[in-house]
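Q:
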Amino acid sequence: MKQASLLAMAFAIGLGAVTALSAQESSQVRQFNTVKQKLAAGERVVGGTVSTADPEIYCSMANAGFDFTWIEMQHSALSYSDVARMIWACRGASAIPFIRVPDATEGDIQKATDIGALGIIIPMVDNIEKIRNAVTYAKYPPEGKRSQGGGQYGALWGRGYRGAANDNIMIIAMIESPAGAEIADEIAAVPGVDVVFAASSDLGSFTGLRQGDPGYEALVTNIEDGTLGAGRFLGGPLAWMSTRAGYRFFQGPGTTSLIRSGARSALQAANPCRDLPAGVAPIEGEEPCEEAPQRH
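See the structure below:
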């Protein structure tokens with residue numbers, strides 16, 4: 188009888204330990220958005236911009252060393268079918284797919300998340316309702332009202348996606364106008380916003396001001412102060428990485444720019460004198476370039 192009681196007690200203790208371990212495991216949400224992980228670890232992240240539907244070009248960008256791909260749907264003719272094929276063709280790439288949607292509509296955000304995007308970039312945020320709705324459309328209940336339907340997200344990110352999606356999908360609010368800059372602190376304070384992005388070119392387009400102008404810099408400062416004050420991450424163009432403090436999330440160059448610069452680099456490496464006049468050395472101390480022979 189005593190032995191049976193001891194066995195029952197041991198079983199109960201073991202069962203309790205297993206239950207506690209299971210509860211602990213279930214409370215640990217799986218993280219598969221490496222951009223979010225890097226930002227949390229204090230790192231800076233850069234995305235390569237893609238606006239062409241060619242899967243090979245997309246895969247080249249996704250495997251080039253960028254932290255994420257900035258898939259440009261606001262200023263391109265890309266369709267969601269195009270982007271779904273691109274992401275699927277390069278599943279497993281190191282760069283996480285982020286999509287700048289055409290607008291913050293429920294349909295746009297639903298499609299972007301269903302095809303596997305883990306970052307939703309919202310353009311032209313100049314009022315609170317727009318970014319608040321974007322968060323709502325991107326998140327499953329109870330945090331939002333994203334519909335649970337079909338899509339390739341499960342095949343891309345694995346079983347348990349539904350339970351982990353809200354903790355992995357990032358929302359980036361782009362401020363492009365003075366109206367948005369004025370309420371940057373309120374935009375950044377919306378629950379679910381991860382990054383506030385200062386759109387440098389559009390701020391100039393809306394105001395007619397250039398970087399360095401006091402009026403322009405006042406808008407940027409307002410975005411910076413409002414974002415950092417709310418504990419969010421600051422985003423901006425890659426050119427600002429070395430010139431402005433506090434920025435952690437950057438949009439890098441696009442495919443066209445990289446092809447052009449890559450071609451120039453290859454040609455320059457093959458012939459350092461290619462773009463130099465005769466008598467000038469490519470590097471000080473080397474033999475000067477000779478005059479190119481005339482073509483007949």
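According to this note's numbering, the residues represented by the sequence shown are 188 to 483, in order.
Even for Gly, the Cβ is constructed at its ideal location relative to N, Cα and C.
(1) Tell me whether ASN250 is buried or exposed, calling it buried when 16 or more other Cβ atoms sit within 10 Å of its Cβ.
(2) Look at the Cβ atom of MET260, then the Cβ atom of VAL288, and state whether they are nearer than 8 Å.
(3) Just to confirm the assignment, what range does the beta strand (DSSP E) spanning ALA360 have?
(4) Please confirm whether PHE253 and VAL222 have their CB atoms less than 8 Å apart.
(5) Excluding the 5 residues preceding and the 5 following ALA325 in the sequence, name in chain order all residues of the same chain whose CB lies nearer than 7 Å to its CB.
(6) Expressed to the nearest angstrom, what Euclidean distance is found between the alpha-carbon atoms of ILE315 and ALA405?
(7) Between which two residues does the beta strand (DSSP E) holding GLY402 run?
(8) Enumerate in chain order the residues of its own chain whose CB-to-CB distance from GLN224 is below 7 Å, with the five nearest sequence positions on each side excluded.
(9) Kindly indicate which three-state DSSP category ARG435 falls into: helix, strand or coil?
(10) Tell me the residue span of the beta strand (DSSP E) that contains GLY234.
(11) Could you pull out every residue in the same chain whose Cβ sits closer than 6 Å to the Cβ of GLU373, ignoring the five residues on either side in sequence?
(12) Kindly indicate which three-state DSSP category VAL216 falls into: helix, strand or coil?
(13) Can you list, in chain order, the residues of its chain with a C-beta nearer than 6 Å to that of LEU208? Leave out the 5 residues immediately preceding and following it.
(14) Can you tell me whether DSSP reads ILE258 as helix, strand or coil?
(15) List the DSSP bridge partners of ALA371.
(16) Around the Cβ of ILE286, are there at least 16 other Cβ atoms within 10 angstroms (buried) or fewer (exposed)?
(17) Please classify GLY279 as buried or exposed, where buried requires at least 16 other C-beta atoms within 10 Å of its C-beta.
(18) Helix, strand or coil for ILE286, going by three-state DSSP, please let me know.
(19) Between which two residues does the alpha helix (DSSP H) harbouring ILE318 extend?
(20) Please report how far the alpha carbon of ARG419 lies from the alpha carbon of ALA375, in whole angstroms.
(21) With a CB to CB cut of under 8 Å and the five nearest residues on each side skipped, what residues in its chain are close to GLN455?
(22) With a 10 Å radius around its C-beta and 16 neighbouring C-beta atoms as the bar for buried, classify GLU243 as buried or exposed.
(23) Between GLY395, TYR434 and ALA426, which lies nearest to ASP412 when the distance is taken from Cα to Cα?
(24) Could you round the C-beta distance between GLN147 and THR236 to whole angstroms and report it? I think they count as a contact, below 8 Å.
(25) Using three-state DSSP, classify ALA280 as helix, strand or coil.
(26) Distance check for CYS476 and HIS262, CA to CA, integer angstroms please.
(27) Considering only their Cβ atoms, is the gap separating ALA371 from VAL383 smaller than 8 Å?
(28) Distance, Cα to Cα, ASP313 vs ALA291?
(29) Relative to the C-alpha of THR442, which residue among GLY229, THR239, ALA264 and ARG346 is closest?
(30) Apply the 10 Å Cβ neighbour rule to ASP269 and answer buried if 16 or more other Cβ atoms are within range, or exposed otherwise.
A: Answer, in terms of the structure:
(1) By one-based count along the sequence shown, residue 250 stands at place 63. Its Cβ having fewer than 16 others within 10 Å, ASN250 is exposed.
(2) Counted from its first residue, the sequence shown places residue 260 at position 73. Counted from its first residue, the sequence shown places residue 288 at position 101. Taking 8 Å as the Cβ cut-off, MET260 and VAL288 qualify as a contacting pair.
(3) Numbered from 1 along the sequence shown, position 173 holds the residue referred to as residue 360. Residues 357-362.
(4) Taking the first residue of the sequence shown as 1, we reach residue 253 at position 66. Taking the first residue of the sequence shown as 1, we reach residue 222 at position 35. Not in contact: PHE253 and VAL222 (Cβ atoms no closer than 8 Å).
(5) The sequence position of residue 325 within the sequence shown is 138, counting from 1. Counting only Cβ-Cβ distances below 7 Å, and skipping sequence neighbours, we find ILE296, THR300, ILE307, GLY331, ARG333, ILE356 and ILE358.
(6) For the purposes of this step, residue 315 is identified with residue 128 of the sequence shown, where counting begins at 1. For the purposes of this step, residue 405 is identified with residue 218 of the sequence shown, where counting begins at 1. So the alpha carbons of these two residues sit roughly 21 Å apart.
(7) Within the sequence shown, the letter at position 215 stands for residue 402. Taken as a continuous stretch (DSSP letters only), GLY402 belongs to no beta strand (DSSP E), being part of the alpha helix (DSSP H) at 401-416.
(8) Numbered from its first residue, the sequence shown carries residue 224 at position 37. Correct list, in chain order: GLN218.
(9) As a first step, residue 435 is located in the sequence shown; it is residue number 248 there, counting from the start. Under the three-state reduction of DSSP output, ARG435 falls in the strand class.
(10) Start at 1 with the first residue of the sequence shown, and residue 234 comes out as number 47. GLY234 -> beta strand (DSSP E) spans 232-237.
(11) Walking along the sequence shown from the start, residue 373 turns up at place 186. Sequence-distant Cβ neighbours of GLU373 in its own chain, meaning closer than 6 Å and more than five residues away, are ILE315.
(12) On the sequence shown, position 29 is the one that residue 216 refers to. Coil at VAL216, not helix or strand.
(13) The sequence position of residue 208 within the sequence shown is 21, counting from 1. Any answer about LEU208 is weak, because its pLDDT of 34 lies below 50 and its placement is not dependable; what the coordinates show is given next. Same-chain partners within the cutoff: there are none.
(14) Taking the first residue of the sequence shown as 1, we reach residue 258 at position 71. Strand at ILE258.
(15) Counted from its first residue, the sequence shown places residue 371 at position 184. In DSSP, ALA371 forms no bridge with anything.
(16) Stepping through the sequence shown from its first residue, residue 286 is reached at position 99. Its Cβ being crowded by 16 or more others within 10 Å, ILE286 is buried.
(17) Working through the sequence shown from its first residue, we reach residue 279 at position 92. Result: exposed.
(18) On the sequence shown, position 99 is the one that residue 286 refers to. ILE286 carries a strand assignment under DSSP once its states are collapsed to helix, strand and coil.
(19) As a working mapping, residue 318 is identified with position 131 in the sequence shown. In the DSSP assignment, ILE318 falls within the unbroken alpha helix (DSSP H) covering 315-325.
(20) In the sequence shown, residue 419 corresponds to position 232, counting from 1. In the sequence shown, residue 375 corresponds to position 188, counting from 1. Answer to the nearest angstrom: the Cα atoms are 7 Å apart.
(21) What you label residue 455 is simply residue 268 of the sequence shown in a count that begins at 1. These residues qualify, in order along the chain: ARG461 and ASP462.
(22) On the sequence shown, position 56 is the one that residue 243 refers to. GLU243 is classed as exposed because its beta carbon has fewer than 16 other beta carbons within 10 Å across all chains shown.
(23) Within the sequence shown, the letter at position 225 stands for residue 412. Nearest C-alpha to ASP412: TYR434.
(24) Residue 147 is absent from the model: the chain starts at 188 and stops at 483.
(25) By one-based count along the sequence shown, residue 280 stands at place 93. DSSP, read as helix, strand or coil, puts ALA280 in coil.
(26) Taking the first residue of the sequence shown as 1, we reach residue 262 at position 75. Taking the first residue of the sequence shown as 1, we reach residue 476 at position 289. Our two residues, HIS262 and CYS476, have alpha carbons roughly 43 Å apart in a direct line.
(27) The residue labelled residue 383 in the question sits at position 196 within the sequence shown. The residue labelled residue 371 in the question sits at position 184 within the sequence shown. Result yes, Cβ atoms of VAL383 and ALA371 sit closer than 8 Å.
(28) What you label residue 313 is simply residue 126 of the sequence shown in a count that begins at 1. What you label residue 291 is simply residue 104 of the sequence shown in a count that begins at 1. Distance from the CA of ASP313 to the CA of ALA291, rounded to the nearest whole angstrom, comes to 12 Å.
(29) Counted from its first residue, the sequence shown places residue 442 at position 255. Comparing Cα positions, the closest option is THR239.
(30) Here residue 269 refers to the residue found at position 82 when the sequence shown is read from its first residue. The residue in question, ASP269, is buried, as its Cβ has 16 or more Cβ neighbours within 10 Å.
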